[in-house]
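In our numbering, the protein residues as written are -9 to 374.
Encoded structure:
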């Protein structure tokens, strides 16, 4: 088995720079590309990044990459890879695929030829008769062959279910925000942990929970398992050590001022249960409250919200009213910074103020904008 791997941390469009910064913070030099960041590391690196990356979707091993414009080139390029370093003889290895702006445009054919090439190589390596199929009864090794402008990349997923599946969200609302997107919104707000944090339309509590996990330095992947843990060459102590280090890194003494509210009392109960599951209930105050009734005397706080977008027929009037209420309540709070994610590009009109800055993000496949309204800075000497 290899000691060092070429790795990818994949992510949603518009979040690449955040993932790059996260990797840098974890001590890994990286190169940011569209939808991903490249880096190099060991099995310990794979464990650490799966546990700690808040914004990424997956951590993948790059098995190999090359150029191909014919199926023969694809077959030979895949076959030439050192599969014996990645797949044991009994590995279950389904092959997913995609092809974009490439000569080899038929994804089913690309997948089939890639699979055939791997099978032929493994049979030669493990001295299996050509007429006898490989058992594929062992651990899962999910592969992907991706072709972009005739450049082939074959990757092996170490994560399993996407990193946004932290494991704490046992219940959710009708249009939940993915946990890694919620974490991205918190990070983009540049929230200082000694200042108030509010989500006035908190739903199942995801944004508040991600803020609390960030503030208390809780590894987002500490409540789940990863597919590479079942691989025979991934020693159990690798993740045991990584989890021990993550537990030791938690700041149990920090005091955080995080509040979430929602007009729907049933969602508040769900949010409380999710916060308990995440181990951050002590850091968050959840209560049933309409946006128009929100009041605070606190200053220099941060508000992050993902209000309904009004995508369904008949919802637009209610959503516009909510946007107006957000403006009426939060616009006068000049020391607060507000970050509001919505797909409604006319949001500023309903809110009643032009954003300081807008950032294009994708909530799944949906184009959204993060409208940012920056508050005044505290005077020197600290928060008032």
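Every residue, glycine too, gets a C-beta built ideally from N, C-alpha and C.
Check, Outcome
"Can you tell me which of the three DSSP states residue 346 falls into?", "coil"
"Can you look up residue 81 in the DSSP assignment and give me helix, strand or coil?", "coil"
"Does the structure place the region 320 to 327 close enough to the region 210 to 217 that three or more beta carbon pairs sit under 8 Å?", "no"
"When the Cα atoms are used, what is the spatial distance from residue 346 to residue 222?", "52 Å"
"Measure from the alpha carbon of residue 194 to the alpha carbon of each residue in 295, 60, 360, then state which is nearest.", "295"
"Let me check understanding here. Comparing Cα to Cα, which of 189, 307, 349 lies closest to residue 340?", "307"
"Report yes if the C-beta distance between residue 249 and residue 187 is below 9 Å; otherwise report no.", "yes"
"9 Å is my cut-off, CB to CB: does residue 58 come that close to chain B?", "Of the protein chains in the structure, only one exists, and it is not chain B."
"In its own chain, which residues sit with a C-beta less than 8 Å from the C-beta of residue 270, not counting the 5 before and 5 after it?", "199, 202, 203, 206, 208"
"CA-CA distance, residue 298 and residue 226?", "43 Å"
"Given a cut-off of 9 Å on the beta-carbon distance, is the pair residue 96 and residue 190 in contact?", "no"
"Could you check what DSSP says for residue 206 in three-state terms: helix, strand or coil?", "coil"
"Just to confirm before moving on: does the CB-CB distance between residue 141 and residue 56 stay below 9 Å?", "yes"
"Would you report the Cα separation of residue 284 and residue 10, rounded to the nearest angstrom?", "36 Å"
"Use the C-beta contact count for residue 40: other C-beta atoms within 10 angstroms, 16 or more gives buried, fewer gives exposed.", "buried"
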